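Colleague: In this text, residue positions in the sequence shown follow the working numbering: the first is 147, and each later residue adds one.
Sending over a structure as structure tokens; questions will come in a sec.
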Amino acid sequence: MRRTTLKDVGDHVGVSAKTVSNVINGTGWVRDDLKTRVREAIDELGYRPNSAARQLRSGRSGMVALAIPDLSQPYFAELASAIVAAAADRSITVLINQTNGQADSERRISDGVGIPVMDGLILSPLALTASDLADRQDSTPIVLLGEHVGESRFPHVTVENAAAAQAATEHLLRSGRRRIAAIGAQASGPRETAELRLAGYRAALDEAGIAEDPALIREVIDFRRSDGVAAVEGLLDKGVPFDAVFAFNDLMALGALHALGEAGLRVPEDVAVIGFDDIEEGRYSTPPLTTVAPDKAALAGLALELLLADSPPAGDTTVPFQIVTRMSA
């Protein structure tokens with residue numbers, strides 16, 4: 147049986163083979179309705195790109211690597227899913243690696259050790275330093291996602307952590323809360339995100355004319371449910387009064403909800419709770435979790451766009467966020 151060609155698909159839709167190629171490769175500009183018709187025709191006719199020929203023509207493999215700290219954490223799993231979906235729209239395959247946030251793993255992957263030849267690497271680092279990147283031995287394009295790595299020459303896509311944390315704290319202040327616990331400060335380890343979110347919390351208090359109470363700032367080891375539980379239990383055990391919790395991610399916020407419920411405290415009547423990340427689980431917690439929602443689709447799309455660009459700009463590029471108000475605050 148004859149193999150279906152680009153021309154066959156184009157003839158079926160009434161467009162050129164070049165337009166079909168643009169839809170498959172995510173290049174050029176094609177109307178959304180026309181993209182849909184081309185993709186439907188591809189499925190109907192059973193067209194399959196000749197990946198070897200395409201690689202020879204373009205000099206690209208059609209594959210990128212994604213390295214993230216921990217797939218068991220819902221935020222990273224959801225972000226990985228968004229990147230895979232954005233890549234599929236561009237007919238790109240994503241190879242996912244888990245680094246466990248370990249410096250050695252992040253260095254090896256950034257140097258291309260243990261992964262096949264790729265068109266680029268999207269890396270969400272926790273332990274990597276600017277000097278590690280300065281000594282990088284691989285020429286494969288790289289885009290950093292999330293945690294900031296000092297001053298580097300590579301593109302970095304992130305949410306405005308300080309501004310988002312300030313908005314979350316202001317949301318609590320507007321509801322009349324004045325004793326707001328901040329859960330997520332870190333004295334060691336990968337601290338960049340925690341420091342920025344703490345700075346946003348402090349900025350909101352300062353603008354409201356509220357003096358910071360160090361007893362309300364709770365340090366954690368990691369950003370997990372158990373850390374949120376321990377932080378709230380610590381506040382209660384020490385008798386520190388508080389009427390709200392800003393947890394630096396949704397997992398800790400869910401842990402806080404659990405600890406408050408175990409203590410017989412009502413949310414939001416006694417204590418309001420807000421998280422950060424907008425993971426799916428938060429929509430179904432009791433009560434549903436109010437949270438800061440970074441635009442994960444924008445993070446994914448922009449990371450790929452910068453990765454595949456001929457001359458991407460170095461430095462930070464930020465994506466929007468919004469406060470998603472549910473019943474916890």
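Using N, Cα and C, we set each Cβ at its ideal position, and we do this for glycine too.
This structure is a prediction, so every number in the text was calculated from the model and none was measured.
#1: Suppose the cutoff is 6 Å on Cβ atoms and the five residues either side in sequence are ignored; what does the same chain contact list for residue 181 look like?
#2: Which one or two residues does DSSP pair with residue 151 in a beta bridge?
#3: Taking the alpha-carbon positions, what's the residue 221 to residue 157 distance?
#4: Expressed to the nearest angstrom, what Euclidean distance is found between the alpha-carbon atoms of residue 202 and residue 263?
#5: Of all the options 344, 187, 417, which has the alpha carbon lying nearest to the alpha carbon of residue 378?
#6: Round the Cβ separation of residue 395 and residue 352 to the nearest angstrom and send it over; I've been treating them as touching at under 8 Å.
#7: So, do the segment 458 to 466 and the segment 311 to 320 have three or more beta carbon pairs nearer to each other than 8 Å?
#8: Quick one: is residue 371 buried, meaning 16 or more other Cβ sit within 10 Å of its Cβ, or exposed?
#9: Roughly how many angstroms separate the alpha carbons of residue 292 and residue 160, rounded to a whole number?
#10: Under the assumption that residue 399 contacts residue 367 (Cβ atoms under 8 Å), give the Cβ distance between them as a whole number of angstroms.
#11: What are the boundary residues of the beta strand (DSSP E) that includes residue 422?
#12: Any contact between the segment 384 to 391 and the segment 183 to 193? By contact I mean 3 or more CB pairs, one from each, below 8 Å.
#13: Looking at chain D, is there any beta carbon in it that lies within less than 8 Å of the beta carbon of residue 209?
#14: Quick check: what's the CA-CA separation for residue 342 versus residue 265?
#15: Roughly how many angstroms lie between the CA atoms of residue 325 and residue 277, to the nearest whole one?
#16: For residue 189, does the three-state DSSP call read helix, strand or coil?
#17: May I ask you to report which of helix, strand or coil DSSP gives residue 303?
#18: Going by the beta-carbon positions, is the gap between residue 305 and residue 289 smaller than 8 Å?
#19: Taking the C-alpha atoms as reference points, what is the distance between residue 247 and residue 255?
#20: Pull the bridge partners of residue 365 from the DSSP assignment, please.
#21: Taking all protein chains shown into account, decide if residue 428 is buried (16 or more other Cβ within 10 angstroms of its Cβ) or exposed.
Modeller: A quick look at the data gives this:
#1: 169
#2: For residue 151, which the question treats as bridged, DSSP gives no partner whatsoever.
#3: A straight-line Cα-Cα distance of about 43 Å links residue 221 and residue 157.
#4: Here the model assigns residue 202 a pLDDT of 42, short of 50, so the residue's position is not dependable, and the following value carries that caveat. Residue 202 and residue 263: Cα-Cα distance of roughly 14 Å.
#5: Ranking the options by Cα distance to residue 378, first place goes to 417.
#6: Actually they are not in contact, since the Cβ atoms of residue 395 and residue 352 sit about 23 Å apart, beyond 8 Å.
#7: no
#8: buried
#9: 43 Å
#10: Not quite, the Cβ-Cβ distance comes to about 17 Å (not below 8 Å), so this is no contact.
#11: 418 to 422
#12: no
#13: The chain inventory of the structure shown lacks chain D, comprising one protein chain alone.
#14: 32 Å
#15: 40 Å
#16: helix
#17: strand
#18: no
#19: Their Cα atoms are separated by approximately 12 Å.
#20: 331
#21: buried
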